[in-house]
Amino acid sequence: MADEKNVVPTGSFYEAEIPDTLDLADRARLAVQGMLNILDPALMTMFGLAHFNTRAPLLRHWSADIPLDPKLAESLPLMRLMCGTTFKAPLEQNYRAELVSRIDDGLYWDRYTPQRPWRNIYNDSIKFYGAGRSEDFASVWGVARMIRALTAWQGANGADTTELGASLVRGLRRIAVDRDDYSYYPHRGGWHDGFVYPRSGWIDTSEAERDREGPEDSVTCFQGHQIYAAAQHYVLTGDPVAKELAARLSRYVMKAKFWGGTLALDPAKPGGFEIIPDAPFRHGAQLGHWPVHFHARAIALRGLLKYAMACGDERTLEFVRAAYDFTMSQGIRRLGWINTHPPGIGCEGCALGDLIALAIRLTEAGAGDYWDDVDAIVRNQLAEQQITDGPALTAFCATQPEGQPQTDAPTGFETTDDAVNRSVGVFFGITKPDAVTDPWVMHCCTGNASQGLYYAWEGALRESDGAAVVNLLLNRAGRTVDVASHLPHAGRIDLRVKQACRVSVRIPHWVDLGAVQVRSRGAPIPVERLGRYLTVRDRPAGDVVTFTFPIHERTETYVVNQGTPVEETYDCVFRGSTAVSVRGGAGLKPNDLPLYRGRDSMRTSQVAMKKTSCFVADRQFTEW
């Protein structure tokens with residue numbers, strides 16, 4: 108029998124009464140339930156897809172299930188650090204054991220089995236690589252995600268995974284193709300998907316000519332995971348092989364041929380688009396500009412940023428910052444909604460986790476102050492793309508067409524067994540600003556977006572050596588202080604001091620610093636100001652420090668895909684950082700599941716209180 112102690116962190120629980128506002132620990136608890144409920148115990152892998160645009164919603168396997176499994180395996184321990192839940196812990200332990208069993212010869216393998224006949228085809232991969240084979244293969248990005256999962260297990264639970272992680276780093280270094288001072292993984296190396304290494308070795312090692320190659324239309328994407336994993340491993344272990352791998356792959360990904368270009372109307376195709384060179388005076392290739400499929404670029408950017416911070420590469424840091432600033436101009440920044448798939452209109456759940464990570468790490472690197480971006484994404488788009496209301500989704504499914512059963516589906520390929528309830532806690536794949544069209548899930552998004560919950564939660568409160576820094580005004584239990592947030596109902600946070608300390612609180616951009624009042628049990632106390640941070644010193648254990656400030660509603664209008672046939676306009680009502688209403692676009696259709704429709708209660712000045720069980724873990728994991 109699996110031992111749940113191996114996956115559940117130790118720590119302390121206590122009861123508290125807090126405002127009934129956004130609580131990322133609650134969202135983490137839901138995410139754990141969703142991720143474990145969508146596992147297929149018969150194959151011990153995820154159902155990688157879910158579809159809700161039918162009266163009989165279903166879970167379906169995907170050829171990407173095996174390389175995606177480590178994403179969930181990385182997320183689960185992070186979610187448990189936030190909330191301490193023991194939900195299906197033995198299943199998670201068995202899941203970990205299954206993933207480790209897939210490792211041999213320095214790689215993480217998708218082994219051939221007749222039980223998964225769908226494993227060889229990804230999107231239109233047959234067009235690129237031909238039919239698949241009855242042979243083991245390793246998706247190089249899946250190997251990298253497995254390294255990251257092993258690192259999370261060690262950071263969250265103290266598992267001794269360093270040696271296993273090092274073996275995977277060496278496996279990736281062994282199969283990388285070296286050219287001059289850079290290395291890469293070839294997209295035509297195998298079948299099923301780009302960047303697949305067959306057990307028998309690479310089929311084709313030719314170098315890519317541009318980024319838009321392969322079924323995902325991205326070369327840099329499938330180098331970025333490996334850069335990140337290698338740089339993270341180097342930071343934690345000092346392994347020179349990991350450093351070399353991260354550096355060589357980064358030099359490849361930074362090549363000008365992979366970046367720049369802009370999307371424009373195609374005069375030869377009415378309503379069509381094409382990618383054209385950058386306009387004069389703008390060198391998009393040296394600024395990290397991308398024309399399509401942002402999430403693929405986000406993976407590369409996160410890898411580059413991890414490498415830049417680990418090895419002190421100033422040029423790479425500059426490149427990532429420029430790319431991030433460009434990206435945040437491609438949507439509705441204050442809503443946390445970025446158009447990741449122009450010329451369409453959609454924000455991919457995967458990208459939300461990546462954007463939060465980029466914003467926090469760029470801020471920590473001194474390349475900017477992006478906490479307000481994190482706040483916007485977390486309170487709005489990230490919160491809305493998580494499935495939290497099973498009955499509402501069930502009611503929506505009841506309005507959809509019957510759907511045509513896939514009569515030739517292989518045994519075990521899909522199931523309609525309790526699909527909605529099993530999916531509560533996971534994240535929708537791609538959404539418009541105000542709705543999810545043909546609601547569906549791809550669990551790459553669940554893995555990334557749930558990690559975004561952790562990044563924001565971990566960064567919201569930093570504690571060390573008698574000091575606490577509050578970067579985000581969210582509910583948060585900590586060792587030194589607990590943060591109770593009344594936002595967006597009222598401009599108020601309460602700091603409940605548990606250990607004597609000084610506390611610095613970052614005030615959001617929409618607040619007039621001169622209007623902030625700080626009191627201890629009703630009496631004003633001295634405050635120091637440095638930038639957007641207000642600091643109170645020498646607060647004793649048992650003290651309650653309250654920060655108050657005005658909060659107002661504002662209506663702002665934004666245009667998406669300006670100047671194109673798919674231009675849309677949205678009216679957004681914000682109460683502080685929180686969107687309480689989003690309306691506009693092309694109008695809702697019967698197959699659109701509305702977003703931001705349950706937020707009227709946030710527009711009142713009175714906040715309800717709730718009793719909750721708070722958890723503070725004994726371990727911290729900051730090297731995510």
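Residue 500 in the numbering used here sits at position 393 of the sequence shown; the count goes up by one each step and never skips. We treat Cβ as the ideally placed atom computed from N, Cα and C, and that holds for glycine.
The beta carbon of Phe433 is closer than 7 angstroms to those of Leu394, Gly395 and His396 in its chain, skipping five residues each way along the sequence.
Looking at the backbone, the Cα of Pro177 and that of Val543 are separated by about 26 angstroms.
The DSSP-derived three-state label of Asp482 is helix. Contact annotation, Ile383 with Ser357: C-beta distance approximately 27 angstroms; criterion of less than 8 angstroms not satisfied. Within the region 334 to 406, the runs of beta strand (DSSP E) that reach at least 3 residues and sit entirely inside it are, in chain order, 369 to 372 and 380 to 383. Classified as buried, Asp130 has 16 or more neighbouring CB atoms from the shown chains inside 10 Å of its CB. As summarised for the region 231 to 274, the continuous beta strand (DSSP E) elements at least 3 residues long and confined to that stretch are 244 to 246, given in chain order. In the structure shown, the three-state DSSP call for Phe503 is helix. Setting aside the 5 residues that flank it on each side, Val348 is surrounded in the same chain by Val276, Arg277 and Arg280, each with a C-beta closer than 7 angstroms to its C-beta; the list follows chain order. Straight-line measurement puts the Cα of Asp373 at about 43 angstroms from the Cα of Ala180. In this structure, Arg428 keeps its C-beta atom at 9 angstroms or more from the C-beta atom of Ala464. With respect to the 9 angstroms criterion, Thr117 and Ala584 are not classified as neighbours on the basis of their beta carbons.
Where Asp699 is concerned, the enclosing beta strand (DSSP E) starts and stops at Asp699 to Pro701.
In this structure, Gly155 keeps its C-beta atom at 9 angstroms or more from the C-beta atom of Cys418.
Comparing C-alpha distances from Leu370 to each of Thr729, Phe534, Gly475 and Thr447 shows the shortest one belongs to Thr447. For the options His616, Arg628, Val577 and Ile600, the alpha carbon positioned closest to that of Arg609 is the one of Val577.
Exposure of Gly345 is indicated by the presence of fewer than 16 other C-beta atoms within 10 angstroms of its C-beta. By the Cβ test, the region 647 to 659 is not in contact with the region 489 to 508, since fewer than three Cβ pairs between them sit closer than 8 angstroms. Setting aside the 5 residues that flank it on each side, Gln624 is surrounded in the same chain by Thr655, each with a C-beta closer than 6 angstroms to its C-beta; the list follows chain order.
DSSP places Met186 in the helix class (H, G or I) of the three-state scheme. Taking 9 angstroms as the cut-off, the Cβ atoms of Val618 and Ile632 do not count as close. Linking Ile282 to Pro701 through their CA atoms gives a straight-line distance of about 46 angstroms.
Rounded to whole angstroms, the gap between the alpha carbons of Gly475 and Thr523 is 47 angstroms. Positions of the beta strand (DSSP E) runs, each at least 3 residues long and wholly inside the region 688 to 722, are given as 699 to 701 in order along the chain. In this structure, the alpha-carbon of Asn230 lies about 40 angstroms from that of Gly473.
By the neighbour-count definition (other C-beta atoms within 10 Å, threshold 16), Ser708 is an exposed residue. A Cβ-Cβ contact shorter than 9 angstroms links Thr685 with Leu594. Per the coordinates, the alpha-carbon of Arg226 lies some 48 angstroms from the alpha-carbon of Arg613. Taken atom to atom, the span from the alpha-carbon of Ala403 to that of Glu509 is near 34 angstroms. Straight across, the Cα-Cα distance linking Leu146 with Tyr562 is about 24 angstroms.
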